[in-house]
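Everything below concerns the one structure shown next.
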Amino acid sequence: MPAVALALAALVAAPAAAAAGAASARPANGSGAAAAGAVSRTDLTLELRRGGVLHVKEQITYTGDVRRTLLTRTRHDDSDDRLYRVTGFKGDGRLAGDTITLTGNGSATIEYDVAGTVTPVGGGEELRWYAVNGWSVPVQNAVVHLTGPAPLQSLSCFAGDLTSVIGCTAASMDESGTRAEFEQQGLGPGQALTVVAGFPKSATGGRPILERRFELANAFTVNAVTGGALLGLLVLLLGGVGLLYWTRGRDARVLGSESGQVTGVSGGHFAPPDGVRPGQIGTLIDEQADVIDVTASIVDLAVRGFVHIEEQQRTTYETPDWLLVKVPGAPLAELLDYERALYRAIFDGRDSVLLSELHGSFAAGLGKVRDALYRDVVAQGWFARRPDSVRTRWTTIGIALIGLGVLATVLLAWFTTYGLLGLALIIAGGALAAGGQYMPAKTAKGAAALAHTLGFRDHLASGELGDVPAAQRVELFSRYLPYAVVFDNVDRWARVVASVNGNGQQADNLYWYHGPAEWDLSRFADSMRTFTLTTSGAISTSRQFRRPL
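For the sequence shown, the positions run -18 to -1, 1 to 531 when mature numbering (1 follows the signal peptide of the UniProt record, and there is no 0) is used.
As structure tokens, this is what we get:
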């Protein structure tokens, strides 16, 4: 056994001696550090006990104020850190967190236990512990004595950084193989003396303590398991969103016999589908009470004799403006709720108002117009619930699902490598929030009204005037104009209106629209286009309305 000890000592002493010689070649650095404090000698007794707990007793001789930071964590692999739990500290010095502070000159004795130093390896167990480490000053001489619950099978030691492969000054074991001794001359600040010893299988039953290290790349690991789970979850969640739309967001089916055709009535008059007014049609088509619906309703009020529109005289560089005037004696009782709310918002107790002056109470009144329009389409039986409420509910659920997905992603990424799965919830929530805009569903009656509406739109787009008596054309084509505003066909239909008067000839004004001096109907199309754009702009400045995207 002495031969084994000598061989081991010779094996580890040669490189260590070279390192020690290199260290001795730098006396200036060593003496400078010593002046600030140093550990002249530290003797450690390590006792490995059952359960893999290492009991440590240190006797330290030092000068000056010195600190030692106990090692409690090292990198184990790409995903985990290895923890060393230090408990039961007692003795001289002051322990704050993981740092021991010794002051003055003299000696100190400390004791503590370390868990997590043993690893099952092959057919045995391996103890690896950084016996001397974390000193803020040089350590001139370190000696470590190790005993365990079973005979030693192997031993080695390293000096320098934690990952150093340079052997220590000396390592040996006694003849019985139950006690080992390690020695190192000259350790710089922060350097370590690492001792490694092999024991028989199950000698202590100790195991390493591992803790997953958070790294963004690890949190979103893509492999067969995480990728497959993400794909499966996406299919499930997006399929659920699609099923929701299919069952809750689709319009009720309408039989072909229910869709009807847009045809003329007696005398050549063409009626809007089911007597539906422009604001109602706009809300029915896109399921939103928006700017264009209100603009069309203002034109409709004028065409039907409730409001008179007077274009104001202006110079070339002045902003165009219009005066909206109440028509005396108009049958206000015939107005629908949303039209009455709009009428009140426009005039607010006045007999006339410039379009440029519509603000304040007008903006506040538009909220009532919008609410009344949504109530109206429900009262008509076209929707079972208010479209805006349906959109809000599903969009809110989608946003909540996004929030849940963000929380799940953070938790999964922090504690596991399945952070990708949380992204599936975020994607599904985004799909539901975006799809919430399409969730309002028309009833069978609403779908039938829409079919009539689309037929009427095609009729207006075709430009077929039909066999309409000349005396009735101005009134009839004016009645169509608000619908053309909703259908985004105002330019063409305004030209149609401007093309005739009661005798089929050009006129200076319409019964509901007057231009300034030297203005005639040849300019009506441009005036109408500018009026609708200006009115839409005035409405869209209200918080109650925004232009649809």
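Glycine included, every Cβ here is placed at the ideal spot set by N, Cα and C.
N-terminal and C-terminal residue of the beta strand (DSSP E) that residue i is part of
i: His37; result: Val35 to Thr45
i: Phe513; result: Element bounds for Phe513: not the beta strand (DSSP E) but the alpha helix (DSSP H), Phe506 to Ser522.
i: Gly79; result: It is not in any beta strand (DSSP E) - Gly79 carries neither H nor E in the DSSP assignment.
i: Gly401; result: Here Gly401 belongs to no beta strand (DSSP E); instead the alpha helix (DSSP H) covers Gly401 to Gly417.
i: Leu28; result: Ala20 to Leu30
i: Gly73; result: Arg67 to Gly73
i: Thr51; result: Val48 to Thr51
i: Thr56; result: Arg55 to Arg57
i: Leu192; result: Ile191 to Arg194
Residue environment, residue i, which counts as buried when at least 16 other CB atoms sit within 10 Å
i: Gln295; result: exposed
i: Thr277; result: buried
i: Leu515; result: exposed
i: Val207; result: exposed
i: Asp358; result: buried
i: Gly149; result: buried
i: Trp364; result: buried
i: Tyr356; result: buried
i: Ala17; result: Annotation note: pLDDT 47 at Ala17 (below 50); position unreliable, coordinate value reported separately. Ala17 is exposed by the Cβ-count criterion.
i: Asp502; result: exposed
i: Ser184; result: exposed
i: Thr391; result: buried
i: Leu314; result: exposed
i: Thr83; result: exposed
i: Arg67; result: exposed
i: Thr378; result: exposed
i: Phe140; result: buried
i: Ser481; result: buried
i: Ala366; result: exposed
i: Glu339; result: exposed
i: Trp396; result: exposed
i: Asp440; result: exposed
i: Leu198; result: exposed
i: Glu321; result: buried
i: Pro310; result: exposed
i: Leu389; result: exposed
i: His387; result: Reading the sequence as shown, one finds Gly at residue 387 and not His. Gly387 is buried by the Cβ-count criterion.
i: Asp333; result: exposed
Presumed contact (8 Å Cβ cut-off) between residue i and residue j, rounded CB distance
i: Ala56; j: Ala124; result: Checking the sequence, you will find Thr at residue 56 rather than Ala. With 8 Å as the limit, Thr56 and Ala124 do not qualify as a contact, their Cβ atoms being about 19 Å apart.
i: Pro182; j: Thr160; result: Actually they are not in contact, since the Cβ atoms of Pro182 and Thr160 sit about 12 Å apart, beyond 8 Å.
i: Gly126; j: Leu216; result: Contrary to the premise, residue 126 reads as Val rather than Gly in this sequence. Not quite, the Cβ-Cβ distance comes to about 56 Å (not below 8 Å), so this is no contact.
i: Val100; j: Gly180; result: Not a contact, Cβ separation roughly 11 Å.
i: Asp470; j: Ala507; result: No, Asp470 and Ala507 are not in contact; Cβ-Cβ is about 14 Å, not under 8 Å.
i: Leu414; j: Gly385; result: About 12 Å; that fails the 8 Å criterion.
i: Val307; j: Leu324; result: Not a contact, Cβ separation roughly 15 Å.
i: Ala271; j: Phe288; result: Rounded, the Cβ-Cβ distance is 20 Å, inconsistent with contact.
i: Leu337; j: Ala499; result: Contact flag wrong, Cβ pair sits at about 19 Å.
i: Tyr112; j: Leu144; result: 6 Å
i: Val121; j: Val21; result: 4 Å
i: Leu169; j: Leu28; result: Not a contact, Cβ separation roughly 17 Å.
i: Val372; j: Met421; result: 5 Å
i: Trp376; j: Gly418; result: 3 Å
i: Ser522; j: Val273; result: 5 Å
CB contact below 9 Å: residue i versus chain D
i: Ala199; result: No chain D appears in the structure shown, which is made up of a single protein chain.
Delimiting residues of the alpha helix (DSSP H) encompassing residue i
i: Val217; result: Ala206 to Leu226
i: Thr435; result: Ala426 to Ser444
i: Leu198; result: Leu198 to Ala201
So within the region 96 to 175, which uninterrupted beta strand (DSSP E) runs reach at least 3 residues, ignoring any that extend past its ends?
100 to 103, 106 to 114, 121 to 129, 136 to 142, 152 to 155 and 161 to 169
Under 8 Å, with one C-beta from each stretch per pair, do the region 44 to 59 and the region 83 to 90 reach the 3-pair mark?
yes
Which full runs of the alpha helix (DSSP H) of 4+ residues lie inside the region 247 to 332, going along the chain?
260 to 268, 273 to 285 and 319 to 329
Of all the alpha helix (DSSP H) runs that stay within the bounds of the region 328 to 384, which reach a length of 4 or more residues?
343 to 361
Measuring CB atoms only, is the region 192 to 211 touching the region 56 to 65, in the sense that at least three cross pairs come out at less than 8 Å?
yes
The region 461 to 471 in contact with the region 271 to 285 per 3-pair CB rule at 8 Å
yes
contact_flag[the region 401 to 415, the region 301 to 318] where n(CB pairs < 8 Å) is 3 or more
no
Would you say the region 262 to 273 touches the region 333 to 350, given that touching needs at least three Cβ pairs under 8 Å?
no
Taking one C-beta from the region 67 to 74 and one from the region 195 to 204 each time, how about it: are there three or more such pairs within less than 8 Å?
no
State whether the region 166 to 174 contacts the region 212 to 226, with contact taken as three or more CB pairs (one from each stretch) at a distance under 8 Å.
no
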